[in-house]
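Asks:
Protein chains in written order, with the numbering used here: chain A, 1 to 569; chain B, 1001 to 1136.
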């Protein structure tokens, strides 16, 4: 079949194309971009169907190789061998790299990957390159993702025999709003319009809601509210959500996530093997090849350890050295103790945030690429005091949820009520401003139901202060600069007044499409009218170099334009 | 799409003003904030109790409240099919639900309702309206 040719638009091209106003509702496809594997699904009129590529795969490896003139990704390209992905010519793990600056520990951990991740540690985007004919060819995570998305799009279009434009993508809970803009940019580069970006466990929650509706439909379930905990751990991220479901409405009560996943298990295990540091002190072509061989062997061993007590790693690294060692499950669990502890704390935190006791849970759902690891299953089981839910394919749950959301958000209805669904989302991270010195003051706390609108009143710190600087951050850290910078703006023209007198009202508004607007206005006591026009800013406005921006603002203004919260009574 | 978004500074029910806890004493004794003048149009519309917003009885059980919330969400949530709502209604519904679904907050709210009723009986004076966002 002749497939239409598509090209990736330039990275500098602007995003945010408006939705085309077609008279026919186009069912949006659901895409799960995994750190390790991707999949595409669509509501086919009666159920969710995963689309297969020409090699009949539903789950496709996430990588793009720059080996040939035209880069090709894991949707269309057939690796001659697993090692080929690790030759330096292929870029993978883009979901771990996208939208991160070069001071981010996750970027630093990616330096052991076979392609080039170079950091200058100054708060700008890292330099990423693929090795082709002994030349490091630069690229960006957005470009790699866009190339991959174009392949997925071509694949879906040839399967469905129609153009694809609208998509729903699943994303990790811990992604900042800046990272979301990078995902949107990559989609725009691939000619796709993002209808929704759905935190992964909330996609699983929607599938769960639909399954519960189906049970009622089949007279097998009760209509009462069901509370489920969803634990989703893939190669790059670990996310937890608590949802309350009834009547097809999935109400997300709490969300939490962290950048830990199978990749960390793998790297810890590789470091645990003898001579790792000696072997890979330099990064020539041979070392990259050896590293690739070791990576494949270790990954294989970890997979086997989910079902066997011990395995033999025996790998010829091609440079005359050989690693031959028996590893057992206990060792694996010990080496990764910190990751398991983090997973535990995420589950406990999420239950706490949702104000739900383990006894209140109806179901406990464990999905994602790491869901077969016995230690993980056991720790979730023991915290939640429940056997695990069996009604879901751990690799297909998230993409199925995005396909359902794709159909619902496209306005498709189902005669049997199978699409009579609704997700009430919550904010995964708090959003606030810098105030009270260098503190982060959340205005919309995390786990606030969306759409959301909240406001707080601040005031000046100096007499006759005529300007204030509103610096907006997203995150959970107490210190402002430890959070993600989303943007900043100044309110000028405040009439001279003693400190503490002007009321600076900062309002944050998130609509159902997750668009954040920050509004700020000033009133003086005795007056009801704003003294200067209200500022309305759509965020994030910061494009790159987050670290620099915050530092430069501090250098330029010190605390001269500071704010404090009005004393709570 | 952006242009059609409602501005919270223009049309906003008076209920969602942070008239209380987050403000200083000074604020709670005087006009709330610079938006109040633009919001007077909604004054009457938002005078109803949280029970009226959720369309349930004062004596409704927690289950009834949850059911009412979900069925209203299916109509007023911006994602809900065929909805012409601009999201503001849903925030109001959500706020009402947040208070009434928590037994402690509901008790506090019920007391404030009774207190308000008493005040209205004795003297006609504008009363503080409950700010659901800020009660925890």
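For each residue, glycine too, the CB sits at the ideal point set by N, CA and C.
Closest by CA to residue 295 of chain A, which one among A/114, A/120, A/177, A/38?
Replies: Checked all of A/114, A/120, A/177, A/38; the closest Cα to residue 295 of chain A is A/114.
Asks: Which residues in the same chain have their Cβ closer than 8 Å to the Cβ of residue 479 of chain A, if we skip the five residues on either side of it in sequence?
Replies: Once the five neighbours on either side are set aside, the close Cβ partners of residue 479 of chain A are 438, 439, 440.
Asks: With a Cβ-Cβ cutoff of 8 Å, do residue 245 of chain A and residue 106 of chain A count as a contact?
Replies: Result no, Cβ atoms of residue 245 of chain A and residue 106 of chain A do not sit closer than 8 Å.
Asks: Can you grab the Cα-Cα spacing for the pair residue 570 of chain A / residue 366 of chain A, in whole Å?
Replies: Chain A is shown only over 1 to 569; residue 570 of chain A falls outside these bounds and no answer can be derived.
Asks: Would you call residue 94 of chain A buried or exposed, if buried means 16 or more other Cβ atoms sit within 10 Å of its Cβ?
Replies: The residue is buried, with at least 16 neighbouring Cβ atoms inside 10 Å.
Asks: Could you tell me which chain A residues have their CB closer than 8 Å to the CB of residue 1079 of chain B, listed as they occur along the chain?
Replies: Per Cβ cutoff of 8 Å: 408, 409, 422, 423, 512.
Asks: Starting from residue 338 of chain A and walking both ways along the alpha helix (DSSP H), at which residues does that stretch end?
Replies: Unbroken alpha helix (DSSP H) run through residue 338 of chain A: 337-353.
Asks: For the beta strand (DSSP E) containing residue 509 of chain A, name the first residue and the last one.
Replies: Looking at the DSSP string, the run of the beta strand (DSSP E) that includes residue 509 of chain A is 503-510.
Asks: Give me the subset of the region 1092-1108 of chain B whose CB atoms are less than 8 Å from a CB atom of chain A, sorted by chain position.
Replies: Within the region 1092-1108 of chain B, the qualifying residues are 1094, 1098.
Asks: Would you be able to state if there are at least three C-beta pairs under 8 Å between the region 48-61 of chain A and the region 386-404 of chain A?
Replies: Taking 8 Å as the limit for Cβ pairs, the verdict is that the region 48-61 of chain A does touch the region 386-404 of chain A.
Asks: Is the beta carbon of residue 198 of chain A sitting closer than 8 Å to the one on residue 170 of chain A?
Replies: Closer than 8 Å, so yes.
Asks: Residue 247 of chain A touches chain E at which residues, Cβ-Cβ below 8 Å?
Replies: As a matter of chain content, chain E is missing from the structure shown, whose protein chains are A and B.
Asks: Is any heavy atom of the ligand SAM found at a distance shorter than 7 Å from the C-beta of residue 409 of chain A?
Replies: The ligand SAM is absent from the structure shown, which contains no ligands of any kind.
Asks: Have a look at A/460, A/535, A/529, A/413 and flag the residue whose alpha-carbon is nearest the alpha-carbon of residue 1080 of chain B.
Replies: Checking every option, the nearest Cα to that of residue 1080 of chain B belongs to A/413.
Asks: Taking Cβ to Cβ, would you say residue 229 of chain A is nearer than 8 Å to residue 242 of chain A?
Replies: Yes. Within cutoff.
Asks: Based on Cα-Cα distance, which residue from A/102, A/151, A/110 lies nearest to residue 54 of chain A?
Replies: Ranking the options by Cα distance to residue 54 of chain A, first place goes to A/151.
Asks: Of all the CB atoms in chain B, is at least one closer than 8 Å to the CB of residue 541 of chain A?
Replies: It does not; no Cβ of chain B falls within 8 Å.
Asks: To which residues of the same chain is residue 1065 of chain B closer than 8 Å at the C-beta, ignoring the five residues directly before and after it?
Replies: Hits under 8 Å: 1054, 1056, 1097, 1100, 1101.
Asks: Rounding to the nearest angstrom, what Cα-Cα distance links residue 34 of chain A and residue 200 of chain A in this structure?
Replies: Cα to Cα, residue 34 of chain A sits roughly 10 Å from residue 200 of chain A.
Asks: Spatial neighbours of residue 1047 of chain B within its chain, please: CB distance less than 6 Å, with the 5 preceding and 5 following residues excluded, ordered by chain position.
Replies: Residue confidence is low: residue 1047 of chain B scores 49 on pLDDT, short of 50, so the model does not pin down where it sits. No coordinate-derived value is stated.
Asks: If the cut is a Cβ gap below 8 Å, which residues of chain B does residue 449 of chain A touch?
Replies: Neighbours of residue 449 of chain A on chain B, chain order: 1094, 1098.
Asks: Can you tell me whether residue 654 of chain A is helix, strand or coil according to DSSP?
Replies: Because chain A here runs from 1 to 569, residue 654 of chain A falls outside it and cannot be looked at.
Asks: Could you work out which residues of chain B lie near residue 26 of chain A, taking near to mean beta carbons separated by less than 9 Å?
Replies: Those within 9 Å of residue 26 of chain A in chain B number zero; the least Cβ separation is about 16 Å.
Asks: For chain B, check one thing: does any of its Cβ atoms lie closer than 8 Å to the Cβ of residue 263 of chain A?
Replies: No, no contact with chain B.
Asks: Contact between the region 34-46 of chain A and the region 55-64 of chain A is defined here as three or more beta-carbon pairs at a separation below 8 Å; is this criterion met?
Replies: A contact exists between the region 34-46 of chain A and the region 55-64 of chain A.
Asks: Taking only runs that begin and end inside the region 28-87 of chain A, name each unbroken beta strand (DSSP E) of 3 or more residues, in chain order.
Replies: Listed in chain order, the complete beta strand (DSSP E) runs (minimum 3 residues) inside the region 28-87 of chain A are 29-33, 37-43, 48-50, 63-65.
Asks: Interface residues of chain B around residue 225 of chain A at Cβ under 7 Å?
Replies: Ordered by position in chain B, the residues that pass the 7 Å Cβ test against residue 225 of chain A are 1066.
Asks: May I ask which residues mark the beginning and end of the alpha helix (DSSP H) holding residue 406 of chain A?
Replies: Element bounds for residue 406 of chain A: 397-409.
Asks: When burial is assigned at 16 or more other CB atoms within 10 Å of the CB, is residue 290 of chain A buried or exposed?
Replies: The residue in question, residue 290 of chain A, is buried, as its Cβ has 16 or more Cβ neighbours within 10 Å.
Asks: Do three or more CB pairs link the region 95-105 of chain A to the region 64-81 of chain A at distances below 8 Å?
Replies: Because the criterion of three Cβ pairs below 8 Å is not met, the region 95-105 of chain A and the region 64-81 of chain A do not touch.
Asks: So residue 404 of chain A and residue 207 of chain A are supposed to be a Cβ contact under 8 Å. How far apart are they, rounded?
Replies: So it is a contact: roughly 6 Å between Cβ atoms.
Asks: Only counting the same chain, and skipping five residues up and downstream in sequence, which positions put a Cβ closer than 7 Å to that of residue 27 of chain A?
Replies: If we look at residue 27 of chain A and ignore the five residues flanking it on each side, its Cβ neighbours are 42, 43, 406, 407, 410, 412.
Asks: Measure from the C-beta of residue 453 of chain A to each C-beta in chain B and report whether the shortest distance is under 8 Å.
Replies: Cβ-Cβ to chain B under 8 Å: yes for residue 453 of chain A.
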